[in-house]
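One line per chain: the protein sequences are A and B, in this order.
Its first residue numbered 0, the first sequence is counted upward by one per residue in numbering that gives the first Met the number 0.
Its first residue numbered 0, the second sequence is counted upward by one per residue in numbering that gives the first Met the number 0.
Quick notes on the structure that follows.
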Amino acid sequence: MKYLALKQHTTKWTLTLTLLTMAGTASAHTETGVAGGLISGFLHPLFGLDHLIAMVAVGLWGAQLERPAIWLLPITFPAVMAVGGLLGVAGVALPGIEIGIALSALALGTMVATNARPPLWIAAVLVGFFAVFHGHAHGAELPTAANPLAYGVGFITCTGLLHLSGILLGTLTRWPAGRQAIRGLGGLIAALGAYFSAAAFGLIA
Amino acid sequence: MQRKLPLILVLALIPQCSWAHLVSTRFGEFYAGMLHPVLALNHLLPWLALALLAGLQPVESARRNLLLFPLAVATGTVLGCLFPESSLISQVNLLAFFSLGLLVTLALRLHQSLFTAVALVFGVIEGYGNGTLDVFGTGFLLYVAGVTVAAYIVMTITSAAANWISGHQQWGSIAVRALGSWIMAAGILYSGFLILPALQS
Chain A
0 MKYLALKQHT
10 TKWTLTLTLL
20 TMAGTASAHT
30 ETGVAGGLIS
40 GFLHPLFGLD
50 HLIAMVAVGL
60 WGAQLERPAI
70 WLLPITFPAV
80 MAVGGLLGVA
90 GVALPGIEIG
100 IALSALALGT
110 MVATNARPPL
120 WIAAVLVGFF
130 AVFHGHAHGA
140 ELPTAANPLA
150 YGVGFITCTG
160 LLHLSGILLG
170 TLTRWPAGRQ
180 AIRGLGGLIA
190 ALGAYFSAAA
200 FGLIA
Chain B
0 MQRKLPLILV
10 LALIPQCSWA
20 HLVSTRFGEF
30 YAGMLHPVLA
40 LNHLLPWLAL
50 ALLAGLQPVE
60 SARRNLLLFP
70 LAVATGTVLG
80 CLFPESSLIS
90 QVNLLAFFSL
100 GLLVTLALRL
110 HQSLFTAVAL
120 VFGVIEGYGN
130 GTLDVFGTGF
140 LLYVAGVTVA
150 AYIVMTITSA
160 AANWISGHQQ
170 WGSIAVRALG
180 SWIMAAGILY
190 SGFLILPALQ
200 S
């Protein structure tokens, strides 16, 4: 008993000392190094709920549609998003960016909620169309990032991981109750998309 | 192991800053060469793309690449250290960034000789991009050796992982192709960021 207590005490001290020896760098000014790059790029889709739900919906819909959509949609999205990002980098004005992003959540959420099964090319075109708006929103901020490449890699990685989250959640469709739960989640995404759309059109504050 | 797991997790959650150029740490030219391509995303991502592509090729092609790519990188690094940097090489490098990502996304199986040619050309270009005029004498050799070792390590680990995962897991090849699409997307954006302002001015 005494031996065990001594061992626990030693472990805690080891942990404390380890943490103390790993002091990080403190910067007086934020946005230095890759803080204005990789991290801010990664957090951009995460902190924008409209981006987040739309990207999860892509994964959910892919999982509902099964092969080959389960891999085609998440691969289509970043590729077309990069093209939208190029428009943003070039400073090409795209009308209704916020509306497009909000409608993407509404449309993709509706597809999941209704378990819509259009031909594969229609699903790919729909996902690709909305990806342009998401990409433009990210790409417009890219030139001002401290490290533009790291910023781009950050938001592309986060986008891919959000798709993966949707696909993993979508594995619930193997069970009848899971299928209903996923459709319910799609409904929630569509409802949030409707709210964002109303806000983008100026119907609500 | 279970007792050590919390400690390992805590350590993994505490990343530290890292720099591509070792001006402050002075680890020596070998480590400077070894870390330079690994810490710079514009070098690392195309390397990863080639390694993923190698993992999707027949094993003979991937094995041959483990030897040829580091040698090509070494040749390119020597050239890059001896001659001033060429902007044309940088632009070709950007093209490789995008096109290698595209090849992985499409999961194309190239003819062995074609894949070898792609790896050799890309290796020389990438090595050239890692060249520096700041190393002399023994430091020059150490720097080239460092870049070459990094090329071998990145290529071996990543292509082996890609080969195993795509061959042993049902979702493996999809995961590798998805990673390729991410690299391709990053390549499109980065190329646009560098090229579009020049075209507009």
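We treat Cβ as the ideally placed atom computed from N, Cα and C, and that holds for glycine.
| query | result |
| --- | --- |
| State the CB to CB distance for the pair Leu141 of chain A and Phe192 of chain B, rounded to an integer number of angstroms; the pair is presumed to be in contact (CB under 8 Å). | 6 Å |
| Counting C-beta neighbours from all protein chains within 10 Å, is the total for Ile231 of chain B 16 or more, i.e. buried, or is it exposed? | Since the first residue of chain B shown is 0 and the last is 200, residue 231 of chain B is not available in this structure. |
| Keeping to the same chain, check which residues put their C-beta closer than 6 Å to that of Gly128 of chain B; ignore five residues upstream and five downstream. | Asn92 |
| Would you grab the beta carbon distance between His43 of chain A and Gly83 of chain A for me? Rounded to a whole angstrom, and I think it's under 8 Å. | 14 Å between Cβ atoms; not a contact. |
| If you measure beta-carbon to beta-carbon, which residues of the region 162-186 of chain B are closer than 7 Å to chain A? | Ile173, Arg176, Ala177, Ser180, Trp181, Met183, Ala184, Ala185 |
| If the cut-off is 7 Å on Cβ atoms, which residues from the region 144-155 of chain A count as contacting chain B, listed in chain order? | Pro147, Leu148, Ala149, Gly151, Val152, Ile155 |
| Please classify Met110 of chain A as buried or exposed, where buried requires at least 16 other C-beta atoms within 10 Å of its C-beta. | buried |
| For chain B, find out if any of its Cβ atoms is closer than 9 Å to the Cβ of Ile74 of chain A; answer yes or no. | yes |
| Indicate whether at least one CB of chain A lies closer than 9 Å to the CB of Tyr151 of chain B. | no |
| Could you name the residues of chain A that Thr104 of chain B contacts, counting a contact when the two beta carbons are closer than 8 Å? | Ile74, Ala78 |
| CA-CA distance, Leu87 of chain B and Asn41 of chain B? | 16 Å |
| Tell me, please, whether the CB atom of Arg52 of chain B is closer than 9 Å to any CB atom in chain A? | A quick correction: the sequence has Leu, not Arg, at residue 52 of chain B. Chain A, which has no Cβ nearer than 9 Å to the Cβ of Leu52 of chain B, makes this no. |
| Nearest to His137 of chain A by alpha carbon, out of A:Gly127, A:Ala122, A:Tyr150? | A:Tyr150 |
| Of all the CB atoms in chain A, is at least one closer than 9 Å to the CB of Gln15 of chain B? | yes |
| Assuming Gly145 of chain B and Met33 of chain B are in contact, meaning their beta carbons sit under 8 Å apart, how far apart are those beta carbons, in whole angstroms? | 4 Å |
| Rounding to the nearest angstrom, what Cα-Cα distance links Ile182 of chain B and Phe96 of chain B in this structure? | 8 Å |
| Do Ala118 of chain B and Ala53 of chain B have their CB atoms nearer than 9 Å? | yes |
| Are there three or more Cβ pairs, one per stretch, closer than 8 Å when the region 165-185 of chain B is compared with the region 74-83 of chain B? | no |
| Measure from the C-beta of Asn129 of chain B to each C-beta in chain A and report whether the shortest distance is under 9 Å. | no |
| Between which residues of its own chain and Lys3 of chain B is the CB-CB distance below 6 Å, once the five residues before and five after are set aside? | none |
| Along the alpha helix (DSSP H) that carries Asp49 of chain A, what are the first and last residues, could you check? | 48-64 |
| With 16 other CB atoms within 10 Å as the buried threshold, where does Ile173 of chain B fall? | buried |
| Between the Cα of Thr113 of chain A and the Cα atoms of A:Ala145, A:Leu71, A:Gln63, A:Gly99, which residue gives the shortest distance? | A:Gln63 |
| Check the Cβ of Leu14 of chain A against every Cβ in chain B and list those closer than 9 Å, keeping chain order. | Pro5, Leu6, Val9 |
| Report yes if the CB atom of Thr125 of chain A is closer than 9 Å to the CB atom of Ala106 of chain A, and no otherwise. | First, the residue type needs correcting, since residue 125 of chain A is Leu and not Thr in the sequence shown. It is a contact, given that the beta carbons lie within the stated cut-off. |
| Is DSSP giving His167 of chain B helix, strand or coil here? | helix |
| Would you call Gly169 of chain A buried or exposed, if buried means 16 or more other Cβ atoms sit within 10 Å of its Cβ? | buried |
| Could you give the DSSP three-state label for Pro147 of chain A: helix, strand or coil? | helix |
| Starting from Leu49 of chain B, find everything on chain A with Cβ-Cβ shorter than 9 Å and list it in chain order. | The premise fails here: Leu49 of chain B is roughly 17 Å from chain A at the closest Cβ pair, so nothing lies under 9 Å. |
| Is there a Cβ of chain A sitting closer than 9 Å to that of Asn41 of chain B, yes or no? | yes |
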